[in-house]
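S.K.: Please see the structure below; I have some questions.
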Amino acid sequence: MRKHTPLQLLGQVLFWVIVVVVLFYVLFPFYWAIKTSLTPPVDLSRTALAAFPDSITFQNYVDVFRGQPFGRNLLNSLVVAVGTVLISLVLASLSAYALGKYRFRGKTALMYIILAVSVFPQIAVLGGMYSSIRALNLYNSTLGLMLSYLIFTLPFTVWVLTSFVREIPNELEEAAVVDGATPLQTLVQVLFPVMGPALVTTGLLAFINAWNEYLFALTLTSDDRARTVPVAIGSFSGASQYENPFAQIMAASVIVTIPLIILVLIFQRRIVSGLTAGAVKG
Amino acid sequence: MTHSPTEPQLSAAQPPRRTRGLEASRARTAFWLLLPTLIVLALVAGYPLLRTIYLSFTDYNINTDAHPVWAGLSNYWYTTDEGIGLGVLQSPDWWRAVGNTLRFTVSSVVLETLLGLALALVINSKIRGKSMLRTAILVPWAIPTVVSAQMWNWMYNDSFGILSDWGQKLGILGQGQSFISNTDTALWALVAVDVWKTAPFMALLLLAGLQTIPSDMYEAADVDGASKVTQFWRLTLPLLTPALLVALIFRTLDALRVFDMPYVVKGNSPETMTMSIYARQQMFDNAQFGYGSAVSVLIFLIIMLFTVGYITSLRVRFD
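Chains as they are written, first to last, in UniProt numbering: chain A, 1 to 282; chain B, 1 to 319.
Given below as structure tokens:
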């Protein structure tokens, strides 16, 4: 090791200052949201700017479910996200098998089209989507949301699964074909066991995208029959107009964030590899 | 299947007759496997897009009109006898939204890249607790955009927001003002939220790029006596460029179509209205489906232009 010159020392200090500033920027909003969510509603106006709460209460977490149908919103979100993931994975594994293991004319063109759909701005299809969903009688229904979400989950899952299927050794599939297995049998019995990790990763990313979606959920629902959590949180106003709603908004925010943090903690390796696979390939 | 996986082109050039029959039947199977996906994509992407393009050439108020009426290009460009321009391309509101979106996109993407690069370098260096750091930065990425918008909305609140308080104490803001109510700072306040939310994503993509650089290259540079700064400019940055470009373009496309966060924080306010918010306002708040569709088509064209530029300039390959 060389000796540290003053310049290097300055560099070290600067480095750590930057690290601390960045960490503060990244973490402070979370602290502030949690602090606010634990503040008793009556104290909020008085202690909103205090760095620490004087007293802690879980009242806001209870109130979120009382004043408005937040439980129903959570259920809708869960149904829509899980449904979207399942439909995407089934359709995408069929396609990924074809795109990854079969040779046919027009494959490259097809891959281009699927890539093009994945960068479609949602706003470009919003008007047409609204008319279609209305015409199919799916307006304000969870099924309508699931269908519309396929526009961004399906191209992505097809894309990532295809690049994964392509890496599976051909011998596995050839052996199954020689043994007389049908394509579906080959997919389910030979490829699925190998594809497990890829299915989990893409499913997880699709789940997060569907769970967080706002524009379609806002436009294609009209009441709490199908309204999802992001729309509810975006338009939260509290039980009465005299109450500052932010303590409850923060409580609701913490509630919907916790499952995501748990998923991220469990699957962080896979999320990172899935994200980079999707991006670097795409 | 007689060909080896490493040289498929060779066997494809001269297929024996039996293989050709097999190929044809494989192609048929591939078609059936792809059919469900193609039907769904046609239903949720193809048809709605064509419908939006069609509607952009019609006059259609969803509250009062039973059917769209053909209107040609008048949603895009139409001047009345009095000389008043009614088309989107003549609308100052549209151009203001374009300006806002471009300023938002350029500033947030530049800041995200710098911060993301810094985060990636820190996590990639030999410091303790870097796996914890990597988990921590995943969290802003994973939370719903609406949630992050509301968290910052609260900190920006006029009377109870901590950031408004700091701004007022530092003398940047007047009494009772906040960074989002002040029309000069509103857009930049939103950029801060976007950078907070997406710099981690950038960091992850760049980290993946950094980890592909072999460590013996740095050892060689050390032996040659290159300083850390030289190593960064001459070694790290050039090798990171492909990952950097991909990440940059991904974020640019995302930022150009931004809707959720500015909408939740500021609604339809003109000073922070983006292209997507303008399109939705015209379609659903003003019920002008024809005009709003024209706005959507313009956004679609802008984004497709960026995408085609990206594919050609980076020569993305699929096979």
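All C-beta atoms in this analysis are idealised placements derived from N, C-alpha and C, irrespective of residue type, glycine included. Owing to the predicted nature of the structure, the values given are computational and were not obtained by experimental measurement.
1. Identify the continuous alpha helix (DSSP H) that holds V110 (chain B) and give its terminal residues.
2. Starting from the C-beta of L253 (chain B), find all residues in its chain whose C-beta is less than 7 angstroms away, skip the five residues before and the five after it, and write them out in chain order.
3. Just to check my reading of the structure: I277 (chain B) and P262 (chain B) have Cβ atoms closer than 8 angstroms, yes? What is that Cβ distance to the nearest angstrom?
4. Quick one: which unbroken beta strand (DSSP E) runs of 3-plus residues sit fully inside the stretch 215 to 280 of chain A? Chain order, please.
5. If you pair each beta-carbon of the stretch 180 to 193 of chain B with each one of the stretch 76 to 95 of chain B, do three or more pairs fall below 8 angstroms?
6. Please decide whether I151 (chain A) counts as near chain B, where near means a Cβ-Cβ distance under 7 angstroms.
7. May I have the straight-line CA-CA distance separating G11 (chain A) from A192 (chain B), to the nearest angstrom?
8. From which residue to which residue does the alpha helix (DSSP H) around E167 (chain A) run?
9. When you check each C-beta in the stretch 152 to 172 of chain A against every C-beta of chain B, which residues fall closer than 7 angstroms?
10. Taking 8 angstroms as the cut-off, does the stretch 120 to 135 of chain A touch the stretch 283 to 302 of chain B (at least 3 CB pairs, one atom from each stretch)?
11. With a threshold of 16 other CB atoms inside 10 Å of the CB of V264 (chain A), please say whether the residue is buried or exposed.
12. Does the beta carbon of R26 (chain B) sit closer than 7 angstroms to a beta carbon anywhere in chain A?
13. Does the contact criterion of 3 or more C-beta pairs under 8 angstroms hold for the stretch 208 to 215 of chain A versus the stretch 225 to 239 of chain A?
14. Measuring only the C-alpha atoms, how far is P6 (chain A) from L138 (chain B)?
15. So, is G144 (chain A) buried or exposed, given that buried needs 16 or more other C-beta atoms within 10 angstroms?
16. Could you check if G234 (chain A) belongs to the surroundings of the ligand ZN, using beta carbon to heavy atom distance under 6 angstroms?
17. Which chain B residues are close to R227 (chain A), counting only those with a beta carbon under 9 angstroms from its beta carbon?
18. Kindly confirm or deny that the stretch 157 to 174 of chain A and the stretch 93 to 110 of chain A touch, where touching means at least three C-beta pairs closer than 8 angstroms.
19. Can you check which of these residues, A:S93, A:K35, A:P183, A:F58, is closest to V160 (chain A) by C-alpha distance?
20. Would you list, in chain order, the members of the stretch 249 to 272 of chain A that have their beta-carbon closer than 7 angstroms to a beta-carbon of chain B?
21. Taking 7 angstroms as the cut-off, decide whether the C-beta atoms of A199 (chain B) and E112 (chain B) are in contact.
22. Do I145 (chain B) and G127 (chain A) have their C-beta atoms closer together than 7 angstroms?
23. With DSSP as the reference, identify every bridge partner of D59 (chain B), one or two as the case may be.
24. Please go through the same chain and pick out, in chain order, the residues whose beta-carbon is closer than 8 angstroms to the beta-carbon of P169 (chain A), but skip the five residues on each side of it.
25. Using only alpha-carbon positions, find the residue among B:V265, B:L244, B:A255 that is nearest to G234 (chain A).
26. Interface residues of chain B around N212 (chain A) at Cβ under 9 angstroms?
27. Kindly indicate if chain B contains any beta-carbon less than 7 angstroms away from that of V117 (chain A).
28. Can you name, in chain order, every residue of its own chain whose Cβ lies under 8 angstroms from the Cβ of P270 (chain B), other than the five neighbours on each side?
29. If we count Cβ pairs, one from each stretch, closer than 8 angstroms, do we get three or more for the stretch 150 to 170 of chain B versus the stretch 233 to 242 of chain B?
30. Output needed in chain order: residues of the stretch 123 to 151 of chain A with a Cβ under 7 angstroms from some Cβ in chain B.
31. Using beta-carbon positions only, say whether T153 (chain A) and S88 (chain A) come within less than 7 angstroms of one another.
32. Could you pull out every unbroken alpha helix (DSSP H) segment of at least 4 residues lying fully inside the stretch 187 to 217 of chain A, listed in chain order?
33. In the DSSP assignment, find the unbroken alpha helix (DSSP H) run with G71 (chain A) in it and report its ends.
34. Ordered along the chain, which non-local residues of its own chain (more than five positions away) have a Cβ less than 7 angstroms from that of F65 (chain A)?
35. Flag V40 (chain B) as yes if its beta-carbon sits less than 7 angstroms from any beta-carbon of chain A, otherwise no.
M.R.: If we stick to the structure as given:
1. 92 to 124
2. I303, F306, T307
3. 6 angstroms
4. none
5. no
6. yes
7. 26 angstroms
8. 142 to 167
9. L154, V158, N170
10. yes
11. buried
12. yes
13. yes
14. 35 angstroms
15. buried
16. By its list of ligands, the structure shown contains no ligand whatsoever, and the ligand ZN lies outside what it can speak to.
17. Going along chain B, no residue has its Cβ under 9 angstroms from R227 (chain A), so there is no contact; the nearest lies around 12 angstroms.
18. yes
19. A:S93
20. I249, M250, S253, V256, T257, L260, I261, V264, L265, Q268, I271, V272
21. yes
22. A quick correction: the sequence has Thr, not Ile, at residue 145 (chain B). No. Outside cutoff.
23. B:V69
24. none
25. B:V265
26. A142, I143, P144, T145, V146, V147, D260
27. yes
28. D93, R96
29. no
30. I123, A124, V125, L126, G127, G128, M129, S131, S132, L147, S148, L150, I151
31. yes
32. 192 to 212
33. 70 to 101
34. G71
35. yes
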